[in-house]
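Quick note: to get the numbering used here, add 41 to the position in the sequence shown (first position is 1). We put the CB at the ideal spot given by N, CA and C, even for glycine. Structure, as structure tokens:
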Amino acid sequence: MAAALRLIAAGAFGERVADLLDRPGATRGDEPGGDVTVAALWRPAPARLAAVDDAAARLGVPWLPVVAEHPRIVVGPYVAPGGPCHGCYAARRAQHAAPGSVTAELHAAYDADPALGPAGFLPAHARGAAGLAAAALRAADPGRVTVWHPGTGAVATHHVAGVHGCARCDRTGAPATVAAALAGFLPAAVR
């Protein structure tokens, strides 16, 4: 039996991706549910994705964001219990942002203004995003992120490494920093 799918959509792009993923037994709403949830958004919305992540974690429901981040479309990470959480993904993106990047400022502006963002999309972009999302749902690979650049056709898949000490997903009990892990081995002058 197919997994019960919950679809969360925002903006015309998100609605079209949700329409393409819709199937018998799927439901739509603003909160995670079913056996797995897809959140399809027309532009980055960090606060909204964090809220979906929190709710999905409380419910124990895997979920997948599909976000149009002009000029790319980001599908993932596939977030499932026992795998890296969306907060770790956001932290790793910030950690690896290029020097001088204004991504944090742009995301803050998006969170502050629900109407801010690029308007319009090509139908092929929604179809491609839905296809990548369907593949990610079939794979159900925790932490997997696929980035597609429709303008160049480039597709890259990455895996999120959870952040050490993450309160939500770090099951190792590892210290939050390498310095804390090595504290017992380093002379006091080095700590």
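Bounds of any alpha helix (DSSP H) do not take in residue 106; it lies within the beta strand (DSSP E) bounded by 104-110. Spatial neighbours of residue 158 in its own chain (CB-CB distance under 6 Å, excluding positions within 5 residues in sequence) are listed in chain order as 84.
Boundaries of the alpha helix (DSSP H) around residue 58: 52-62.
Pairwise C-beta distances place the region 70-84 in contact with the region 106-121, as three or more of them are shorter than 8 Å. Under a 10 Å Cβ-count criterion, residue 154 is classified as exposed, with fewer than 16 other Cβ atoms of the shown protein chains found around its own Cβ. In this structure, residue 177 places its C-beta atom within 8 Å of the C-beta atom of residue 116.
Ranked by Cα distance from residue 180, the first of 118, 195, 113 is 118.
Taking the Cα positions, residue 94 is about 11 Å away from residue 130. Contact between the region 136-147 and the region 96-103 is absent, with fewer than three C-beta pairs closer than 8 Å.
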